[in-house]
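Chains as they are written, first to last, in my numbering: chain A, 2 to 256; chain B, 83 to 349. All residues carry an ideal CB built from backbone N, CA and C; glycine is no exception. These numbers come from a predicted model, not from an experiment. What follows is a short report on a single structure.
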Amino acid sequence: MTTNPPFLEIKGLKKEYVAGKPILKGIDLTISEPGIIAIIGPSGTGKSTLIRCINRLIDSTEGQIIFDESDVCQAKGTLLRQLRRQVGMVFQEYNLVERLSVIENVLTGRLGYMSSWQAWRRNFSQNDINTAFELLDAVGLSDHAKNRADSLSGGQRQRVGIARAVMQHPKILLADEPTSSLDPKTAAEIMELLAKFSRQKHIPALVNMHDVSLARKFAKRIIGMAEGVIVYDGDADGITDEILKQIYGGEEWLN
Amino acid sequence: MAELGVTPVKDYKNPFSINWLTSGLWILVAGYLLYTVQSLGLSWTRFSEGLHHAGTLLDRMFPPNFSRWELLFSGLAESLEIAVISSVVGIFFSLFFGLFAARNLMSNLVTVPVRGFIAVCRSFHPIIVAILFVKSVGFGALAGILTLIIASIGFIAKLFAEAIEEISLKQVEAIRATGASFTSVILFSVLPQVFSRFIGFSTYQLDSNLRNSTMVGIVGAGGLGGTLFSAFQRFDYDFVSAILITIIALILFWEFLSNVVRSIFSE
């Protein structure tokens, strides 16, 4: 296991939206094990920025992100798209294309592997279509394949979001607060799905979370961020009140 | 106000006091309006005399004379062809111009010149554009078609751009994250969000082109307008009314068709 190169290696990552006011102040992170890895921390601390730098929805200011033997930060054009398609992303507000059907939304996960001409003609391979329907079945939505995405509930939409990400055959899953807009029961089901796919595909799932207890329940490893730096990186069991105080500041909320 | 627990210590400025600047401006507008009526020589006698002429015109327009229906229908067919061709070509170009003018997807380097071009297309009334084209490509339907293509681009490329600027970028972000190429991102995240509005704009533009195609003929750019104009000049008012009724029927028929189209594509 240790001989394999890590899934993801982040070195000295910095991001400034406004010059001189860094939001990420030098992140070093190595992910070499599959399974759910939770990132916790207060709002505005750069968790979403970190996740979005990994697939370059946001350009970083400085540093390296080594993924699939390439530096994502330097990649351009076709290489960037080839890296992106191997990174499945799940969003807080699901970000489904509302006017497309559920099955079309799942199939958009294959767009990175198709030419625009094929995409225009909706020329998905039979293999992709089979996979899409099986994934929909796996997330329990096979009855809704032909429905429009905006007819689904929040939890159902997030299941489609996960199916779309998995449809990319990703080497890593990213999830940006995938459960923050959901009720506690649905949130746990969504985490369960993410855990299931990362187990099945033997890939890591890097998940931003607000809910510390949910993170403890599903993640073996937890990364705590505060003010743009990593202040804790270790076992979920190692998250003590002392460390939470360090991450979130204050202590009244702990009681 | 003691019951509120607030004791004012000074007089505050009344927020509703009269603003002399805006009042003055209103008085200026009213004054200018009176001046224009005066300078154009508008008066009640002028108006009632005018109404009398209108009465004789209406008298001569009825009953409408459809005896030259062949001339009428060849003009109508040409107008229809001008409208359809110019709409199809105009809408096709507008798709691209609208996309390149959308400031949320393109950089200023692209949007500023494209927006400028669209503004130029919209800055002249179709009649003026039609005169320019008649002078440059000669009399006939080609001038009318070119005119209405310009008019279509000026109008719906702008509406397309505005529709694209209102889309949800979250959906775009998600498709970008799949590694899709720029064109695929447009096809799968932008187009689905704007498609039904594009259909609405396009039917509206075809409607507008139908009406305008009966007008460009007045300056010699082909279609029913030419027939209408020469009927006016020969004082064939009964034929004029026949032409007008035909135009109304055409527009009503299109109204009916476009409602059908819209109900198919909406939602």
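DSSP-derived helix/strand/coil call for A/Ala133
As a position in the first sequence, residue 133 of chain A is number 132, starting the count at 1. Collapsing the DSSP output to three states places A/Ala133 in a helix.
I need the boundaries of the alpha helix (DSSP H) containing A/Leu153, first residue and last residue.
The residue labelled residue 153 of chain A in the question sits at position 152 within the first sequence. Note, A/Leu153: premise wrong, no alpha helix (DSSP H); not H, not E.
Closer than 8 Å at the beta carbon, the chain A residues around B/Lys252:
On the second sequence, residue 252 of chain B is found 170 positions in, with the first residue counted as 1. Taking a Cβ-Cβ threshold of 8 Å, the residues of chain A close to B/Lys252 are Phe92, Glu94, Asn96, in chain order.
For a test of the three-state rule: what should DSSP assign to A/Leu255, helix, strand or coil?
Reading the first sequence from its first residue, position 254 is the one you call residue 255 of chain A. The answer is helix: DSSP assigns A/Leu255 an H, G or I state.
Assuming A/Ile38 contacts A/Pro205 under a Cβ cut-off of 8 Å, what Cβ separation, rounded to an integer in Å, is found between them?
Counting from one through the first sequence, the residue named residue 38 of chain A turns up at place 37. Counting from one through the first sequence, the residue named residue 205 of chain A turns up at place 204. Sure, about 6 Å apart at Cβ, within 8 Å.
Whose CA, out of B/Leu214, B/Ile257, B/Lys240, B/Leu241, lies closest to the CA of B/Leu228?
Counted from its first residue, the second sequence places residue 228 of chain B at position 146. Looking at the Cα atoms, B/Leu214 is the closest of the given residues.
Are the C-beta of B/Ala184 and some C-beta of chain A separated by less than 8 Å?
Locating residue 184 of chain B in the second sequence gives position 102, where the first residue counts as 1. Cβ-Cβ to chain A under 8 Å: no for B/Ala184.
With 8 Å as the C-beta to C-beta threshold (strictly closer), list the residues of the segment 135–153 of chain A near chain B in chain order.
Cβ contacts with chain B: none found.
Is A/Lys246 helix, strand or coil when you go by DSSP?
Looking up residue 246 of chain A in the first sequence gives position 245. Helix.
Whole-number beta carbon distance between A/Ile248 and A/Gly225, since they are thought to touch under 8 Å:
In the first sequence, the residue the question calls residue 225 of chain A occupies position 224. In the first sequence, the residue the question calls residue 248 of chain A occupies position 247. In this structure, A/Gly225 and A/Ile248 form a Cβ contact; the two beta carbons are roughly 4 Å apart against a cut-off of 8 Å.
B/Gly73 touches chain A at which residues, Cβ-Cβ below 9 Å?
No statement about residue 73 of chain B is possible, as the shown extent of chain B runs from 83 to 349 and does not include it.
Counting only the same chain and skipping the five closest in sequence on each side, list residues whose C-beta sits under 6 Å from that of A/Ser181.
The sequence position of residue 181 of chain A within the first sequence is 180, counting from 1. Gln93, His211.
Pairing CB atoms from the segment 199–213 of chain B with CB atoms from the segment 231–239 of chain B, are three or more of them under 8 Å?
Yes, since at least three Cβ pairs between the segment 199–213 of chain B and the segment 231–239 of chain B fall closer than 8 Å, the two stretches touch.
Residues of its chain near A/Tyr18, where Cβ-Cβ distance is below 7 Å and the 5 sequence neighbours each way are ignored:
Indexing the first sequence from 1 puts residue 18 of chain A at position 17. Result list for A/Tyr18: Ile24, in chain order.
So, does the CB of A/Arg158 fall closer than 8 Å to a CB anywhere in chain B?
Along the first sequence, read from residue 1 onward, the residue named residue 158 of chain A stands at position 157. Proximity of A/Arg158 to chain B, defined by a Cβ-Cβ separation below 8 Å, is not satisfied.
In terms of residue numbering, what span does the beta strand (DSSP E) encompassing A/Ala176 cover?
What you label residue 176 of chain A is simply residue 175 of the first sequence in a count that begins at 1. For A/Ala176, the uninterrupted beta strand (DSSP E) run begins and ends at 173–177, by DSSP.
Would you mind reading off the limits of the alpha helix (DSSP H) that contains B/Glu160?
The residue given as residue 160 of chain B occupies position 78 in the second sequence. Segment 151–183, the alpha helix (DSSP H) holding B/Glu160.
If you measure beta-carbon to beta-carbon, which residues of the segment 172–184 of chain A are closer than 7 Å to chain B?
The segment 172–184 of chain A vs chain B, Cβ under 7 Å: nothing.
Measuring alpha carbon to alpha carbon, tell me which of B/Leu107, B/Leu140, B/Ala303, B/Val111 ends up nearest B/Pro208.
On the second sequence, residue 208 of chain B is found 126 positions in, with the first residue counted as 1. Considering only alpha carbons, the answer is B/Ala303.
Considering only residues of the same chain and omitting the five flanking positions on each side of A/Ile231, which have a CB-CB separation below 8 Å?
As a working note, residue 231 of chain A is residue 230 in the first sequence. Spatial neighbours of A/Ile231 in its own chain (CB-CB distance under 8 Å, excluding positions within 5 residues in sequence) are listed in chain order as Ile28, Asp29, Leu30, Ile224, Gly225.
Using a Cβ-Cβ cut-off of 8 Å, state whether B/Phe280 counts as contacting chain A.
Here residue 280 of chain B is taken as the residue at index 198 of the second sequence, counted from 1. Not an interface residue.
B/Ser323, buried or exposed, once every other Cβ within 10 Å from all chains shown has been counted against 16:
On the second sequence, position 241 is the one that residue 323 of chain B refers to. Per the 10 Å Cβ criterion, buried.
Is B/Ser176 closer than 8 Å to B/Ile238 when the C-beta atoms are compared?
The count along the second sequence starts at 1 and reaches residue 238 of chain B at position 156. The count along the second sequence starts at 1 and reaches residue 176 of chain B at position 94. Contact flag set, yes.
Step through the CB atoms of chain A and report whether any lies within less than 8 Å of the CB of B/Arg258.
To locate residue 258 of chain B, count along the second sequence from 1; it is residue 176. It does: the Cβ of B/Arg258 has a partner Cβ on chain A nearer than 8 Å.
What in chain A is Cβ-close to B/Leu269, meaning under 9 Å?
For the purposes of this step, residue 269 of chain B is taken as residue 187 along the second sequence, with counting starting at 1. Contact annotation for B/Leu269 against chain A: Leu112, Ser117, Ala120, Trp121 [CB-CB distance below 9 Å, chain order].
Grouping DSSP H, G and I as helix and E and B as strand, with all else coil, what is A/Glu94?
Numbered from 1 along the first sequence, position 93 holds the residue referred to as residue 94 of chain A. In the displayed model, A/Glu94 falls within coil according to three-state DSSP, outside both helix and strand.
Considering only the beta carbon of each residue, do A/Leu9 and A/Ile173 sit closer than 8 Å?
Along the first sequence, read from residue 1 onward, the residue named residue 9 of chain A stands at position 8. Along the first sequence, read from residue 1 onward, the residue named residue 173 of chain A stands at position 172. Against a cut-off of 8 Å, the Cβ pair of A/Ile173 and A/Leu9 comes out as a contact.
Would a check of beta-carbon distances place B/Gly104 closer than 8 Å to chain A?
Against the second sequence, residue 104 of chain B aligns to sequence position 22. One detail in the question is off: residue 104 of chain B reads as Thr in this sequence, not Gly. Closer than 8 Å: no.
What first and last residue would you give for the beta strand (DSSP E) that runs through A/Val230?
Your numbering for residue 230 of chain A matches position 229 in the first sequence. That run of the beta strand (DSSP E) goes 230–236.
Status (buried if at least 16 other CB within 10 Å, exposed otherwise) for B/Ala112:
Here residue 112 of chain B refers to the residue found at position 30 of the second sequence. Exposed, by the Cβ-count rule.
Taking only the alpha-carbon atoms, compute the straight-line gap between B/Pro146 and B/Thr328 and give it to the nearest angstrom.
Counting from one through the second sequence, the residue named residue 146 of chain B turns up at place 64. Counting from one through the second sequence, the residue named residue 328 of chain B turns up at place 246. Rounded to the nearest angstrom, the two C-alpha atoms are 11 Å apart.
Could you pull out every residue in the same chain whose Cβ sits closer than 7 Å to the Cβ of B/Thr243, ignoring the five residues on either side in sequence?
Locating residue 243 of chain B in the second sequence gives position 161, counting from the first residue. Note on identity: in this sequence residue 243 of chain B is Ala, with Thr being the wrong assignment. Excluding positions up to five away in sequence, the list reads Gly180, Ala183, Ala184.
Check whether A/Leu183 and A/Gly155 have beta carbons under 8 Å apart
Your numbering for residue 183 of chain A matches position 182 in the first sequence. Your numbering for residue 155 of chain A matches position 154 in the first sequence. Cβ distance < 8 Å, so A/Leu183 and A/Gly155 count as in contact.
Answer yes or no: do B/Leu409 and B/Phe283 have a C-beta to C-beta separation smaller than 8 Å?
It is not possible to answer for residue 409 of chain B, since the shown part of chain B is limited to 83 through 349.
Can you round the beta-carbon distance between A/Pro35 and A/Ser199 to whole angstroms, since I take them to be within the 8 Å contact cut?
Residue mapping note: residue 35 of chain A aligns to position 34 of the first sequence, counting from 1. Residue mapping note: residue 199 of chain A aligns to position 198 of the first sequence, counting from 1. Right, the Cβ-Cβ distance comes to about 6 Å (below 8 Å), so this counts as a contact.
Measure the C-alpha to C-alpha separation of B/Phe311 and B/Leu334 and round it to an integer number of angstroms.
Sequence index remark: in the second sequence, residue 311 of chain B carries index 229 (1-based). Sequence index remark: in the second sequence, residue 334 of chain B carries index 252 (1-based). Taking the straight line joining both Cα atoms gives about 22 Å.
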